[in-house]
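Scroll down for the structure; my scribbles are underneath it.
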Amino acid sequence: MEFDDGEGVVRALAFADAGADFADALIHGTMEQFGASTTVTFDRRASEHLGWRLLGA
147 MEFDDGEGVV RALAFADAGA DFADALIHGT MEQFGASTTV TFDRRASEHL GWRLLGA
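Take the sequence shown: its letters are residues 147 to 203, numbered as in this note's numbering.
Printed below as a string of structure tokens:
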């Protein structure tokens, strides 16, 4: 496997170890890296594990 951003993958693995899905954790790590203040989701589990704002609640 090859990744563009090894640092982002390392961050994602840490979030995944804490219970987040790896794909969501990879998005979260990327958003943090670029300074995004808010990420929104329909996924209740992602909102709980990653602090994202839950839509439709």
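Built from N, CA and C at the ideal position, the CB exists for glycine as well. Small disclaimer: the values here were computed from a predicted structure and weren't measured.
Worksheet entry | Of the listed residues Arg191, Trp198, Ala171 and Ala166, nearest to Glu153 (C-alpha basis) | Taking the first residue of the sequence shown as position 1, residue 153 is located at position 7. The shortest C-alpha separation from Glu153 is found at Ala171.
Item to complete: In angstroms with no decimal places, state the Cα-to-Cα distance between Glu194 and Gly181.
Response: Position 48 of the sequence shown, counted from the first residue, corresponds to residue 194. Position 35 of the sequence shown, counted from the first residue, corresponds to residue 181. Each residue's CA atom was taken as its position, placing Glu194 and Gly181 some 20 Å apart.
Fill in: Backbone secondary structure at Leu201 - three-state DSSP
What you label residue 201 is simply residue 55 of the sequence shown in a count that begins at 1. Three-state result, Leu201: coil.
Discussion item. If I measure Cβ to Cβ from Ala166 and keep anything under 6 Å in the same chain, skipping five residues before and after, which residues do I get?
Written reply: Start at 1 with the first residue of the sequence shown, and residue 166 comes out as number 20. The answer, listed in chain order, is His195 and Leu196.
Worksheet item: What is the DSSP secondary structure of Thr187, reduced to helix, strand or coil?
Response: Sequence index remark: in the sequence shown, residue 187 carries index 41 (1-based). If DSSP states are grouped into helix, strand and coil, Thr187 belongs with the strands.
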